[in-house]
Each structure stands twice: as structure tokens, then as C-alpha cells.
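Okay, so here's the structure we're looking at.
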Amino acid sequence: MPLLEVTDLRTYFHTRRGVYRAVDGVSFSVEKGEILGIVGESGSGKSVTCSTLLGLIPQPPGRIESGKAMFDGTDLLHCSPAALRAIRGRRIAMIFQDPMTSLNPYLRISEQLIEPLLIHEKISPADALARGLAMLEAVGIPNAASRLHSYPHEFSGGMRQRVMIAMALITKPDLLIADEPTTALDVTVQAQILELLKKLQRELGMAVLFITHDLAVVSGLCDRVQVMYAGRIVESAPTRDIFTRPQHPYTKALQRCIPALQEKGRELFTIPGMPPDLSKPFTEAELLQRFELPPETAPSALMPSVAAVYDRREHGSTSDGGHRPPLQGKPAEIALEVRDVKTHFPIESGFLFKRQTGTVKAVDGISFEVRRGEVLGLVGESGSGKSTLSRAIMQLVPVTAGTVLVSGRDLTAASADEIKAARRDLQMVFQDPFASLNPRLTVYAALAEPLLVHGVVPPAEVPARVARLMEQVGLPARFLQKYPHEFSGGQRQRIAIARALALEPKVIIADEPVSALDVSIQAQILNLLAGLVRTMDLTMIFIAHDLSVVKHISDRIAVMHQGRIVELGDALDVMERPQHPYTRTLISAIPRIAEQQTGR
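Residue numbers (the numbering used here): 2 to 601.
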């Protein structure tokens, strides 16, 4: 008998614009000790499905229209609130995607960690604290005893996620639901979290429901995989079968979007069109129309199949093949030069009379140059100094020493007015477009603002220029009067790119622009950026923690560690013949298709 069996689950949201069928007839089961993966694009219904099981759907507007969710003999959908609370947190636990929004910033870690024990078990606070400390040590928190009473903001992203895992597992649940627990984490931290989950799952014998959009992660973690699309499960099979014998066109399309499986230098495959509108009825035939590709838009025959890569890697080969031809005909002109740049931050103590007790060397002697039309990939873990370096180049943080030259102009010695003028040639695309776009401005106002501030075109020509910017990033002009919250994540990132292009810069710094996007949307943004580099002869610094993405888009790669560049070279040379031990560590941590664990 399965530990969890869900039958014909339907969760609809009743809004002013109609009934949104977020989950529409979903059925699946999870066996004891099994890891089941659920994959799909944003909006496919993955998170809503799991939130429904735990009674976390806001009602209204949400409503459970039908279905059963039998957990060890109890129907989670129809039991009393008290019975559900007794199960939730005790026998079923959940890890959310963003630990910073899940942890209470006002409470110490110790208080939040032992709360499930105090609620669900008859245990003294002292005993609960002892178990909490043991669990922090089990999830690999260094110096756990001294960190037990820290606040959430005092931990890194990876450490906060470990705390969330400790909170979820402290009651030794029978089922763990992990909702995108590694999205936007560095590859090394992601590898640590996944290995930790597998280790604890084996030790505790629990079942895991793992939600993600990263197919490479599920290939090495899960026993079975279910693919969700448009609120439905379109395919369910053992992990190996999903990758070697996929049946549904959507599963095949998702696999084709993975950058690591595509030839370097060629346009990434993207899923055409948009998912169906879940507020309107649609047939199975209409669902499949999106995947009926004409021959001229079909994936390149040169692209290796997922099955071939799966089998090749199982037999010890990790090369993806393909080589982007070297840059040809590129001008030798240097667009950006960084000379021995240092950005140090003082560590101070005291309230009224502060004194410096140390120094954080965020960027410590960085030198490189980027030529016109070149893409330099910048990789490294969180805290390595990548974002600080990008902000130092932009003059958004103070430069302690060194020089930054943009087209021969020294920004470190420039006045405020000169820096403002220089920003016409130097623009930035941030990781979170929702945070970088003003929520009170329409898209038109956001794109027109830099044109008016810098006087790029006469006011009468601004509407035409804004419409052209929308066309450049692949968005229709009818979206111009909408606000940022009315767009998907990928569309917002396109708007942020359009704003960066408004001044026709010579250099763009893209700081983690695709790290939190689905693989299909990620491919669209990467194609857009690569196309803009070619058509506008842009120079770009592309910052990311996903080395397979960096390899695909970059001409050269620079690897940062502890504020310094430890390796710099041709993209394929760095990826396939790394010289520095840290680079080899980053590459070894990349989730790869079919790295199956023995003994599972």
C-alpha cells in the first residue's frame, strides 16, 4: 500500500477573470522510502499540487473541486483542521524554495528549529534544544553550537537551506516535500544539499516528493519522475525511462532545452509558443499543437540525444561534444579593461565610538580585459566576489584601488557627472527583474525614462524608440501599458534587458540573469542575449553559477574564488581542461544527466 496516494485532484482558483484550473485531474502515488520527482515549467501546477495536500492553498480564491489524498489511511483533503495540523510538521514536512522568506527574521534559529518538537511531541525545551543542535550538526552546519542562537540573516543562502532541512526533519517525518530546494543555489552548494537529502533519506527511511524544473537534478536523485504540464501529469515513468525513452512531446521538448546537451555556438532549442490559458477549456489536441514543429524549426540533427548522453555518461564519458568556432573577424579594440581592482569593506565594532577590527577583501586585485563583441563568463560560488566586482565596474560600490577603463575612459577617476555620462556605454541586467523594475511604472514609462534622462532622442521620437526596444527583445508593443507584476519571470527579464539596451551601450554586465528561470525560459533569454551580442556588436560580462550555461554563451571564462581570478581562458579549455583545483571542484559539482547513485 502506498504511503501517499492522490486520486483525481483538482484545485481551481476562482478569480474575476474566470476560473483558473491550476491542478486538473492529477493522480499519483508515493511509496515508503521512495524519491518521486515532479518536473515542469513554472505555472504547470507542481507547487499548487503539494500545497493543496498540506492545506496551504488560500481559500478563497482557491477551491479543491474534487479528489482524494490518502496518507497512511487518512484523507488529507477531507480531514479536520486539527487532524491535518497533527500530520503537518510531524509526519509530513515541507522545504520551501526561498528559506529567507520561510524563516522568521525576528526569531533566532534555535526558537524556530525546536518549535515543531514543542508542538508535536511531549518534550522539554532543554531536550528539544539538544535535538535541535544534533540536527544542525547532522545537516552540516559548521560550529553548530555557536550558530544555534544566530538569526537567519547571519547565514548564507546554502546554510539557511540547511537550517530549513533541519527544521523539516527534526520530527523524523514519513514524507518530505521539497519544493525547488536548490533553485538559484551555487553548483557546489546545490551538490551538498542534494547529497545531504539523499543521505538523510537513507538514514531515516522516509519518502521524498521532490519538485524542480532541473531535469539534471532529478536524473541523479529520483527513483521515478512525473512530468506536469498545464495542470496535468502528462508522463510518469522510472527515471531512466524518462531520459532514455520519453513518450510525451513536452518531456522531449524539456530535455532539448538543457544547455549542456546542445552544441556550443548554436542557438539553443526553445519550446515555441506559450502554455495554454488555464482559465479556458482546451482539448488534448490543442495541448499538443505547441509541440508540432515544422521541419525548419526542428532541433538540429547535430544535437546529441538525451538517451545518447545518458548512456555515454553511464559508461564514464562526460564530454558533450560540439565546439563553438573561435571568434573571427572581431575588432581588436578593448571595450573594457580592469586593472588590479580592489574593493575592501571595513569590519567595525562599537556603537558610538566605532573602530575597525578587520577587513573583508571582497575583490582583491582583479585584472582582465574584454574586447569588443566578446562575451566573458564570470563564475564562482556566492561570496567569491562576482557581484561586488560587477558593481565596482559600474561604480555602484567604492573601488579601494585600481582602475576601470571603458573605451579608454577611467571611471575610477571620473566625477559624478562623468560617471552618469559613461553609463550610456555601460549598463547592467540584474538577477531579479521584479526587484529592479519600478512596480509603479508601466513598461512604457520604464523604457522611456533613460531615453528622456539622457536626452538620447527628442521626446516626439520616444514612442517609436520604445516600440523598437520591445521588438528587439521579442515582446509585442501592446504590452507597453502593463505593469511588471502582470508579466511572467521570463517576460520581466526581457523588459529589464530592453531597459539596459535603451541607451545603446557598448558593454552590458548581466548578473545572474537566468539563474532562477525554468530551463525553457532560460534558453529563450540566452538566445536573446547571444543574438543581441551578434547584431549590436555588444561586449558582455555574463555572471552565473551554472557552468553549463556559461560555457554555452561565453567566448572566455574567468573563475573567481575568494575575491581573485584563479583561472582565465577559452570557454571550452576551462570546462574540459581545467587547471586550478577550485575550477575542477566547480565542474565536478555540476548535476549531470544519469549520474545514478549506486546502491539505490
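Every residue, glycine too, gets a C-beta built ideally from N, C-alpha and C. These numbers were taken from a predicted model, which means no experiment stands behind them.
How far does the beta strand (DSSP E) with residue i in it extend, from its first residue to its last?
i	result
His562	Arg557 to His562
Ala553	It is worth fixing the name first, because residue 553 is His in this sequence and not Ala. Run containing His553: none in the beta strand (DSSP E); it sits in the alpha helix (DSSP H), Leu548 to Ile554.
Leu130	First-last for Leu130: Pro126 to Ala139, but that is the alpha helix (DSSP H), not the beta strand (DSSP E).
Arg64	Gly63 to Phe72
Val474	It is not in any beta strand (DSSP E) - Val474 carries neither H nor E in the DSSP assignment.
Val430	Leu427 to Val430
Assuming residue i is part of the alpha helix (DSSP H), what are its boundary residues?
i	result
Glu287	Glu285 to Leu289
Thr401	Unbroken run through Thr401: none, as it is neither H nor E.
Ala217	Leu216 to Leu222
Ile96	Segment Ile93 to Ile96 is the beta strand (DSSP E) holding Ile96; no alpha helix (DSSP H) there.
Ala417	Ala417 to Ala423
Asp583	In the sequence as presented, Asp is not what sits at residue 583; that position holds Tyr. Segment Pro582 to Ser589, the alpha helix (DSSP H) holding Tyr583.
Ile194	Val188 to Leu205
Phe390	Note on identity: in this sequence residue 390 is Leu, with Phe being the wrong assignment. First-last of the alpha helix (DSSP H) with Leu390: Lys387 to Ile394.
When DSSP labels each residue in this structure, what does residue i get in the three-state scheme?
i	result
His121	helix
Arg246	coil
Pro605	In the structure displayed, the chain extends from 2 to 601; residue 605 sits before or after that span and is not available.
His345	strand
Pro327	With a pLDDT of 43 at Pro327, under the threshold of 50, the predicted position of this residue should be treated as unreliable, though the coordinate-derived value follows. The answer is coil: DSSP assigns Pro327 none of H, G, I, E or B.
Ile88	helix
Leu37	strand
Ser306	Caution is warranted here: a pLDDT of 44 is assigned to Ser306, below 50, making its placement in the model unreliable, and no coordinate value can be reported.
Met2	coil
Arg313	Its pLDDT being 44, under 50, Arg313 is placed unreliably in this model, and the value from its coordinates should be taken loosely. Residue state, collapsed to three classes: helix.
Val339	strand
Thr172	coil
Glu505	coil
Asp571	strand
Glu268	coil
Phe211	strand
Pro29	Checking the sequence, you will find Phe at residue 29 rather than Pro. Strand.
Thr183	coil
Lys362	strand
Val407	strand
Leu438	coil
Arg565	strand
Thr443	coil
Ala299	No answer about Ala299 holds up, because its pLDDT of 41 lies below 50 and its placement is not dependable.
Val454	helix
Asn144	coil
Tyr107	coil
Pro273	coil
His150	coil
Sort the options by Cα distance to residue i and report the nearest one.
i	options	result
Asp418	His455, Ser555 and Thr16	His455
Ala1	Leu504, Glu196 and Ser237	Residue 1 lies beyond the stretch modelled for the chain, which goes from 2 to 601, so this question has no answer here.
Ile234	Gly26, Asp278 and Glu349	Gly26
Arg241	Pro250, Val219 and Tyr230	Val219
Leu518	Leu85, Ala131 and Asp215	Asp215
Tyr107	Val361, Thr360, Pro153 and Met136	Pro153
Thr584	Val430, Val560, Val20 and Gln523	Val560
Gly602	Pro282, Ile120, Ala145 and Arg86	Nothing can be reported for residue 602: it is not among the residues displayed for the chain, which extend from 2 to 601.
Gly68	Phe29, Ile120 and Ile93	Phe29
Ala549	Leu77, Pro582, Ser103 and Glu577	At residue 549 the sequence reads Ser, which differs from the Ala that was named. For Ser549, the nearest C-alpha among the options comes from Glu577.
Arg17	Tyr251, Ser280 and Ser52	Ser280
Leu337	Val551, Arg246 and Thr540	Thr540
Thr251	Ala238, Val228, Thr75 and Phe270	Sequence check: residue 251 is Tyr here, not Thr. Answer by Cα proximity: Val228.
Val405	Lys343, Arg89, Ala461 and Ser125	Lys343
Ile272	Arg291, Met168, Cys51 and Leu201	Arg291
Pro347	Gly386, Gln98, Gly381 and Thr401	Thr401
Ala254	Ala238, Tyr230 and Pro277	Tyr230
Arg109	Gly56, Val467, Arg64 and Met168	Met168
Looking at the strands, I want to know which residues DSSP matches up with residue i.
i	result
Ser350	Arg356
Arg22	Tyr13
Phe543	Gly378 and Ala511
Gln227	Ile39 and Ser237
Glu370	Glu338
Asp519	Its beta-bridge partners do not exist; DSSP assigns none.
Asp76	Met71
Thr50	Paired residues: none, contrary to the question.
Ile178	Met95 and Leu210
Val534	None, per the DSSP bridge assignment.
Thr8	Lys69
Three or more C-beta pairs closer than 8 Å, one from the stretch 47-56 and one from the stretch 168-187: is that the case here?
-> Between the stretch 47-56 and the stretch 168-187, the count of C-beta pairs closer than 8 Å reaches three or more; the two stretches touch.
Within the chosen definition, does the stretch 475-489 reach the stretch 432-449 through at least 3 CB pairs nearer than 8 Å?
-> The answer is yes - the stretch 432-449 touches the stretch 475-489, with three or more Cβ pairs under 8 Å.
The stretch 21-40 / the stretch 195-211 touching (three or more Cβ pairs under 8 Å) = Between the stretch 21-40 and the stretch 195-211 there are three or more inter-stretch CB-CB distances shorter than 8 Å, so the stretches are counted as touching.
Given 8 Å as the limit, is there contact between the stretch 537-557 and the stretch 387-402, that is, 3 or more CB pairs closer than that?
-> Between the stretch 537-557 and the stretch 387-402 there are three or more inter-stretch CB-CB distances shorter than 8 Å, so the stretches are counted as touching.
Should the stretch 493-513 be regarded as contacting the stretch 555-569, the criterion being three or more beta carbon pairs within less than 8 Å?
-> No: the two stretches stay apart, fewer than three of their Cβ pairs being nearer than 8 Å.
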